[in-house]
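This note's numbering runs 2 ahead of the 1-based position in the sequence shown.
From the three backbone atoms N, C-alpha and C, an ideal C-beta is built for every residue, glycine too.
Please read these numbers as outputs of a predicted model, since none were measured by experiment.
First up is the structure itself, then whatever we jot down about it.
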Amino acid sequence: MEVFNNINKMQEWSLQTRKQGNSIGLVPTMGYLHDGHLSLVEEAKKKCDKVVVSIFVNPLQFGQGEDFEEYPRDLSRDSSLLEAAGVDAIFAPSAREMYPTGFSSSVEVSGEITEKMCGASRPGHFKGVTTVCTKLFHACLPDMAFFGQKDAQQLLIIKKMVRELNFPLKIVPVPIVREEDGLALSSRNVYLEGVQRQEALVLIKALKQAEEQIRGGERDITRLIGAIKATIATSPQAKIDYVEILNGDNLSGLERIEGRVLIALAVKFGKTRLIDNLLVEV
Ligand code: PAF
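This is the structure in structure tokens:
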């Protein structure tokens, strides 16, 4: 397995790999890998000849007072996991390599899709994500890039950016991976302290209840959101950031439940902010 820290070296490898007739799958990550990331790698291995995993904790997507400094990092553990998973190359640049002194460019998707949900609570976050993904795509030159459905808003924004700016690659969504008890895997789960881990299960409970209500014929969004909030409120530690039910393809608002709907939420347990979602097809 190759490890690149330098953008030019990464590009050279990718150009060479493509010239030899291989397709490249990119799995962009911020490291501290878990089974969710490894499922992205598995999907990439099925669909592409060579797989690159990028590991970069992107300062541009963290706001002031967020957890950039504390974000868990363990490059040597990540490398062993990726080697064992049969990955061909790791791209792990430094912040200076990605954003040298004087760096002042950005790529931004504007409008409703970036303004609601996490966009409302984390101003500038998605501009940081689209800027870094643009750089990662240019460094690794993938035919396909694999993103988890857990970050549903991020996935739709990246898809829109790739479509509208004609990036020559395909974005492949990969389903959420959960612990046996239903908690969605996240690198931030390590922050959960004491009872918070158990209390965080209200998220999947509330999402599943809403799904059942929809399957049972409920179409009223206000009632559904009310029920989700009531379930989450049974956890003394939970502080709701948002609960939304939106069009699952573009995050536009809905009058009532119809088509492919995304039930999405962000909830804080102490200092730890967790997101989760379910897609329901009606
Ligand atoms: O989902 C993530 O881990 C990050 O937002 C990404 C896509 C790697 C960009 O930094």
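Nearest residue (CA-CA) to Ala75, options Gly65, Ile223 and Val59 | The amino acid occupying residue 75 in the given sequence is Arg; Ala does not appear at that position. Checking every option, the nearest Cα to that of Arg75 belongs to Val59.
Give the single residue among Gly38, Ile160 and Gly88 whose Cα lies nearest to the Cα of Met146.
-> Ile160
Boundaries (first-last residue) of the alpha helix (DSSP H) holding Val134 | His127 to Cys142
DSSP on Asp278, reduced to helix/strand/coil?
-> strand
Using the C-alpha atoms, what's the distance from Arg98 back to Arg190?
-> 25 Å
Do Gly38 and Lys152 have their C-beta atoms closer together than 8 Å?
-> yes
Once you ignore the five residues that flank Thr274 on each side, which residues in its own chain have a CB closer than 7 Å to its CB?
-> Arg190, Tyr193, Leu194 and Gln198
Buried or exposed (CB count within 10 angstroms, at least 16 for buried), His140 = exposed
Take Asp278 as the anchor and find which of Glu45, Ile223, Ala208 and Gly27 has the nearest alpha-carbon.
-> Ala208
Residue burial classification, Asp80 (beta-carbon count within 10 angstroms, cutoff 16) = buried
Smallest Cα separation from Leu40: which of Gly219, Val179 and Ala186?
-> Val179
First and last residue of the alpha helix (DSSP H) that includes Arg225?
-> Ile223 to Ile234
Do Gln155 and the ligand PAF come close, with the Cβ less than 7 Å from some heavy atom?
-> no
Spatial neighbours of Pro125 in its chain, beta-carbon cut-off 7 Å, leaving aside the 5 residues before and after = Gly65
Closest residue to Ile247 among Ile216, Leu35, Tyr73 and Glu110 (Cα-Cα distance) | Ile216
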